Every structure is written in structure tokens, then in C-alpha cells.
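Number of protein chains: 2
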Amino acid sequence: MTDSTSHVRDNPRTRPAKAPLSRQAVLAAALALVDEVGYAAVTMRRVAQALDTGPASLYVYVADRDELMAGVYDLALAAVELPGPADGDWRARLELLVSRLIATLGGHDDIALVAITRVPTGPQTLRILEETLTLLRAGGIDDAACPWAADLLDQYVTSSALELAARLRDQRAVTKAEGAAEATEEAMSRAARSELDAVYGELPAATHPTIHALRPAMTTAGRTSNTSAAWKLGVIIDGLLAHHPQP
Amino acid sequence: MTDSTSHVRDNPRTRPAKAPLSRQAVLAAALALVDEVGYAAVTMRRVAQALDTGPASLYVYVADRDELMAGVYDLALAAVELPGPADGDWRARLELLVSRLIATLGGHDDIALVAITRVPTGPQTLRILEETLTLLRAGGIDDAACPWAADLLDQYVTSSALELAARLRDQRAVTKAEGAAEATEEAMSRAARSELDAVYGELPAATHPTIHALRPAMTTAGRTSNTSAAWKLGVIIDGLLAHHPQP
DNA sequence: GTTCGCAACGAACATTGTTCGTCGCGAACA
DNA sequence: TGTTCGCGACGAACAATGTTCGTTGCGAAC
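If you read the sequences in order, they're chains X and C. Under the UniProt record's numbering, the residue at position 100 of the first sequence is numbered 100, and the numbers go up by one with no gaps. Under the UniProt record's numbering, the residue at position 27 of the second sequence is numbered 27, and the numbers go up by one with no gaps.
Here it is as C-alpha cells:
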């Protein structure tokens, strides 16, 4: 405390009126930080700093970083609205729900990583699982298969959310690095293409004939477009309906 | 160097004949460590220690930890044998390839995490991608859809490998903690059940009617069994065949 | 026989998650 | 009203991480 103004800062009366700590405040601050600096860069110290306190203070409301992030994951899911009867039959509603999940999770950087390390069990997660299972049953999926189907859909949601997050991150990085010039479309596609398509594109036909032959279809455009996302979801749902046999 | 035997250890002639460093040696040591102590516990220092050297020496052959793990991932994939004509038609071969991938990756703890952070482009990965695409084309999947289908399968493989790794880890932890008594089946299922099934099981029917109704199907047995894995893969392939329409 | 490139490595740095012990406010209690 | 006590807040510290810097010394090339 060599700061000459410390007696002002330390005095609760003159302190800049910081909000009282609480679990919700910690989770909200962490979620905001995820959006701002990215999932990996959210450290206990940074969260504490955002709340104008020290890292040790967080451990009153949070067990450790993992549990913090699990809470953030659930908090993010709170923004997902469940489709209603006006949104169509069970299939249309399920597709809408899944795309909302991907958009929401993918919009918070790599927060979906939480669902890989541990199986989330927060209230919002359960709310969405409940709705998913209900829609699946409405679609005539066998009771015994419904949990598996929900699991499969969840795998898809998590993977797609991470893919979306990576795409948005690359996009931000490029548009920021391009000095704010024209950018956006031209530079983005070129930068991303030179990354992966160079690998697939310059692969000799002698050793990898099929990749070589499918080269035009393997361009980044195919990976980037959200046509691919809709296609994959369609495949899974069609598969659920076609696989009725042996549950 | 206060060690009185340092002049012996430092002398290359009397040194315990350590193998010369190389990229392959580093990757192999890291893979062995993944199996021994787990993916997360593989640090640069531990890898260096296994090779009887310092952490800084690794950076000659490896850019950083991420790239190291990418190399380990590819190295693990080298053990996967491609199904041959004797293994049946394209579908049987594809199912065999996928299950081998899951078993191999899942057998090396969380190494599959690598495929989530970055899209792997190692030679072994490309070898398997080539085979996957070939099998899909043999199955009549549209050329434009093949990359998407391979992507979908890869998502499934990665998620399932991580699930398998988690299951094996829990199993090891329980059998080790059980003092080497009877264990294995009884204790395992009880310990794992009390974790997740308690959440699903004690959920009130009023707020989550479908989860409550499906409770018997949501037991850990369903999640653990590899019937679930086969079912999911069947759904995906059936979906690929049923979704012919608009590629 | 000299020189030069580069693998090897010791030491250090900045950061990370987490724990310990203390401080002090505010509510419960006498 | 005066005392006590629980517990949130927090400063400081610890062990461990990934990575970099500068030096050293061997071996090959000229």
C-alpha cells in the first residue's frame, strides 16, 4: 500500500461503488470476458479484475475454473428460446432449436469446450434436454433410443458450435489485421483457403486419388457455408427416422 | 553441478547411452506419456525428462505444445489398419474403420482433443480421410456431399473417442481406488451412476416430465454400453443414404 | 587446421490456478 | 446497548506451466 490514495480507495464510503459480489455477478463477468478476450484468455485474475477484486475472492462462489466455466456455459444457454407451436411440426422445431443452440454457443467463442470436458447438468442444459427429448418422442423415436438420439444431437451441436466459433474468430482476426481496408470477403477467403485447401489441393493424385478428385468440393467454401450445417442436421434426423429397426 | 558424479554423467563416453534426440523420439515419448499419466499431465518438462534432457531441447523438433500434440495424434493414428476387401462391402468396411478409429484414439486418453482445437492434417490423418472418402463414394454418396459426410463422421469419431477415454479413465480410477478388492463391475457402475443418474433420476416430473418418463432409459448403462455407439453410427450411415435429395 | 552452423541446454521470465492466514464488517445474542 | 462470532473479502505466496534467451561445445565442411 504505497499508493497515497489507498485510504480513499480502501474506504467503503469513497470507493467507486462496486457491485456486491455474488455467483451471478461472477458468472456474468466471466461470460462478458469470454466474448471480449476469448475463452482461453479468461483467467481467474482477469475475472477478478473485471469485478474490481482479487482472484481469491472468486473462490467463495466458485469451486475452480472448470466449475466457473460450467456455470458460464449454462448461463449462455439461458438466452436460447424454445421453439413454440407456431414454428411448425416437431422436425421444424427441432431443427430450429438446434440451429439456435449452435448460433448461441458459437457466439461465445469456445465456451462449447465445456460440454466436452464434462457432461453439463445445469438447469438451462436440463431445460433444453427436456425439450429435445420431447420433440424426439413427438417424432416417433423409440423411447429407448431417445437418450442416444439426444446425445448424438448434442455431439453435433457442440462440434458445430466450436466450428462456428473458430470461423468467427478467424474472421475477426483477418478483418482486424487488414487495417480496416476493404477486406472482409476477399482477404478472409484467401487467408483461410491458403491454410487448409493448400493441404488438400496440392496433394498428389497418385497417393490420395479420392481427395484429389474431390478437391473442388473440399474447398473452404464448402466448410464455411452454413449449407453444410443444415445438410448435416438433415442427415442426422433422416437417419433417426430411417433407423427405426433394432433399438 | 554439485553432484559428485556429474563429471561421469556429463561425459558423453560414460553417459548411460541415451538415444539421440529426434522428432520421432520426442513424439514417441510424448505418446507413451499420454498413456501413462494422461493427456493433460503431459508437460514439456515431463517429456524432456523422459528423454533425459531439458525442456528447451524439445523446441528444436517441435514448435510448441500444440504442434507436439498434433504430431502425437497423427502418430497414434498410424496404428489404425485400413479394412480390406475381406471385411465386406463399403458399409461394413466403413463401420469397421470408424470403430477402429474410436478404439485407437480412445485408448490414448484425451488425445482426440487435438482434433477439436485444430483440423489435423498429418499424413496418417490424410491416409484415413482418403479411405473414408473412397468408401463413401463407393456407397453412392454424392461427390459434393462426401466432404461433409466425412466431416460428420469425424465429429462422431472424435466425440466418441473422448467419451471412451473418459470411461476408461473412470474405470481405472475406481479399480485403483478400490484397494484391489472385487471392484470392477459392482463398484464401477455404482460410482458412475451416482454421478449423472442422480441428476436425471431425482428430477421432478412436474418440471421435466419427459426426462422423468425416460429415466429408465437414461441410466449410465445406456451411456456406457457400446450398443449406443453402434446405434449412433448406424443412424448416421442410414441418414447419409436416406438424405440423397439436395446436395 | 581453421571456421562455422546448429543441436543441446541451463537459467530465467511471465502467467497460470489455487491455498493460507488475516482482517474487518455486520448480524445475532446477551 | 455492548460483545461476540461467523464469514466474506483479500493480500501474499506457492508450485507449476509454456516458452525464450544466450551460451556452450561438438562435428562437418572448406
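For glycine and all other residues, C-beta sits at the position ideal for the given N, C-alpha and C. Given the structure is predicted, the values throughout are model-derived calculations rather than measurements.
Gly88(C) sits in coil when the DSSP states are folded into three classes, being neither helix nor strand. Going by beta carbons, Ile236(X) and Gly239(C) fall inside the 8 Å limit. None of the residues of the stretch 82-99 of chain X has a beta carbon lying less than 8 Å from any beta carbon of chain C. Nearest to Asp52(C) by alpha-carbon distance, out of Tyr59(C), Trp148(C), Leu21(C), Val80(C), is Leu21(C). One Cα belongs to Ala70(C), the other to Ser99(X), and the distance between them is close to 30 Å.
Below the 9 Å Cβ cutoff, chain C contributes no neighbours of Val174(X), its closest Cβ being approximately 17 Å away. By a beta-carbon distance limit of 8 Å, Leu97(C) does not contact Glu130(C). Their separation comes to about 11 Å. For Pro120(X), the nearest beta carbon of chain C is not closer than 8 Å to its own beta carbon.
For Asp143(C), the neighbours in chain X by C-beta distance under 7 Å run, in chain order, Leu214, Ala217. Look at the stretch 63-79 of chain X: it has no residue with a C-beta under 7 Å from a C-beta of chain C. Straight across, the Cα-Cα distance linking Ile141(C) with Thr134(C) is about 10 Å. In the DSSP assignment, Val72(X) falls within the unbroken alpha helix (DSSP H) covering 65-77.
Going by DSSP, Ala217(X) is part of no alpha helix (DSSP H) at all; its letter is neither H nor E. The C-beta separation of Leu33(X) from Ala50(X) comes to about 6 Å, placing the pair in contact by the 8 Å criterion. Of the other Cβ atoms in all chains shown, 16 or more fall within 10 Å of the Cβ of Thr210(X); this residue is therefore buried.
Straight-line spacing of the CA atoms in Ala30(X) and Leu136(C) works out to 43 Å.
For Ile111(C) against Tyr61(C), the beta-carbon gap comes to about 19 Å, at or over 8 Å, which does not count as contact.
Nearest in C-alpha terms to Gly84(X), of all of Ala92(X), Leu152(X), Ala115(X), is Ala92(X). Contact between Thr104(C) and Val80(C) holds, since their C-beta atoms are separated by about 5 Å, short of 8 Å. One alpha carbon belongs to Ala198(C), the other to Thr117(X), and they sit about 19 Å apart.
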